[in-house]
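Student: Before anything else, here's the structure in question.
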Amino acid sequence: MAAIAGHFNFWNMTSEEALNKVWLRVDKARTISATVSVVAIIMSPIIVFGNALVILSVWKDPLKNLRSSPSNFILLSMAVADLLVGLVACPLTVYWSTAIFQQEGPSFSPLLVSSFLVNVSVGHMFLLTVDRFFTLVTPLQYRVKVTNKRVGIATVTCWIYFLLFGCGLGLLQEYHVIMGTIYNLQIFCFLVSILVIYVVILCRFRRYSKTTQVKDQSRANRQMILQRERNLWKAITIVICAFLFCFMPWFITQIIIYVYLPCHRNLSFLMMFYIFSTSLMYGNSGLNPFLYAWRLPKYRDTFKHLFSLLKKRACFCNNQNRQRIEIHAYADIRL
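Per the numbering used here, residue 86 is the first one in the sequence shown, and the count goes up by one each step.
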């Protein structure tokens, strides 16, 4: 490994050494850093808007139909994590990419905060997948197994665990490669678990549909079951495809960096692809409101209700302003 890496203490490489060995060795490092800043600035308002809308919907709950389900509290907690990605992680990424070439040297705190928030978001995606497993596979026992107390414990545990892991990354910077490997394996295990659970859901629902169709002689009921199966396949396929699109490029880039980096000749292209893959991970925080909330009828109705209220309020303010202008104009004419 030492011969391949060109570093005799490869596994004890510090964060600063990793930065000097990889990022600052790139020929077009400043151009790539500027690209990082532009991408983060563009993505930040998109991420903030979608997740702020989810938080507002659950907090206000104008139609009184979102607080009754425990899964909505997982969605709310995930929306908070994704909102922080837009409000905190993206600006810190811009700061880090601009401060990396300054003489005092870059701080790894922005990267630690970003990794913590991305981890929390992935953890909540796993919790939502488990929630859907109980909803679709054991619907009669869902209310017994998935309660508000258990959901609260799970979400708090998710935040605390990844916070402690982020602190561990900060305290053990002398073992940057080892901790980075553990970080990658951790996210990989979460992603594989999510994919496996979705495959199990599809297989179980397929088996249930076949059994029901054999027992039920009604053509209308069979058509309804087939339609439900198509909708489920479509929904899960969209989630899985978006999931793989956002995270697989990052894993591929990580493998290339860890294995082939020392002998890689086109380092600038590799780091540009790394930026692209990291941006996709941030983009997942912007997609989550649409993948997990907008597709649900209850959330769509709530969003439409909130937009209608905002529209009415805007029209009311415009009418008031128009009346004030007319009153002032009439007063000027009288004078």
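Just so you know, even glycine gets a beta-carbon here, dropped at the ideal spot from N, CA and C.
(1) Fully enclosed by the segment 153-181, which alpha helix (DSSP H) runs are 4 residues long or longer?
(2) Do L254 and S194 have their beta-carbon atoms positioned less than 8 Å apart in this structure?
(3) Can you say whether M366 is buried or exposed, counting buried as having 16 or more other CB atoms within 10 angstroms of its CB?
(4) Please look up how many angstroms separate the CB atoms of F247 and G208, rounded, as I've assumed it's under 8 Å.
(5) When you compare only the Cα positions, how much space is there between P374 and A164?
(6) When we look at the beta-carbon of A174 and count the other beta-carbons within 10 Å, is it buried (16 or more) or exposed?
(7) If you count every other CB in all the chains shown that lies within 10 Å of the CB of P155, and 16 or more means buried, which is it?
(8) In the DSSP assignment, find the alpha helix (DSSP H) that holds L202 and state where it starts and stops.
(9) Looking only at its chain, what residues have a beta carbon closer than 7 Å to the beta carbon of C371, apart from the 5 residues adjacent to it on each side?
(10) If you run the structure through DSSP and keep just helix, strand and coil, what is K397?
(11) Take L160 as the anchor and find which of V170, V139, P147 has the nearest alpha-carbon.
(12) Rounded to whole angstroms, what's the CA-CA distance from K145 to Y227? Just pull it up for me.
(13) For T183, which three-state DSSP category applies?
(14) If you run the structure through DSSP and keep just helix, strand and coil, what is K383?
(15) Is the beta carbon of C326 closer than 8 Å to that of G368?
(16) DSSP state of L257, grouped into three classes?
(17) Looking at the secondary structure, which residues open and close the alpha helix (DSSP H) in which V231 lies?
(18) Indicate whether N269 and Q312 have their beta-carbon atoms separated by less than 8 Å.
(19) Thinking just about the alpha-carbon of each residue, which of F336, I282, R380, C274 is nearest to the one in N316?
(20) Shortest alpha-carbon distance to K149 belongs to which of R398, L395, T387, K396?
(21) Rounding to the nearest angstrom, what Cα-Cα distance links P382 and R115 in this structure?
(22) Give me the Cα-Cα distance between I238 and A378, rounded to the nearest whole angstrom.
(23) Can you look up K389 in the DSSP assignment and give me helix, strand or coil?
(24) So, for W244: in the same chain, excluding its five sequence neighbours on each side, which residues have a beta-carbon less than 7 Å away from its beta-carbon?
Tutor: Answer, in terms of the structure:
(1) 155-169
(2) no
(3) buried
(4) 6 Å
(5) 7 Å
(6) buried
(7) buried
(8) 194-222
(9) Note that residue 371 is Gly in the sequence shown here, rather than Cys. So the qualifying residues of the chain are M128, I131, I132, G135.
(10) helix
(11) V139
(12) 26 Å
(13) helix
(14) helix
(15) no
(16) coil
(17) Taken as a continuous stretch (DSSP letters only), V231 belongs to no alpha helix (DSSP H), as it is neither H nor E.
(18) no
(19) R380
(20) T387
(21) 46 Å
(22) 22 Å
(23) helix
(24) V205
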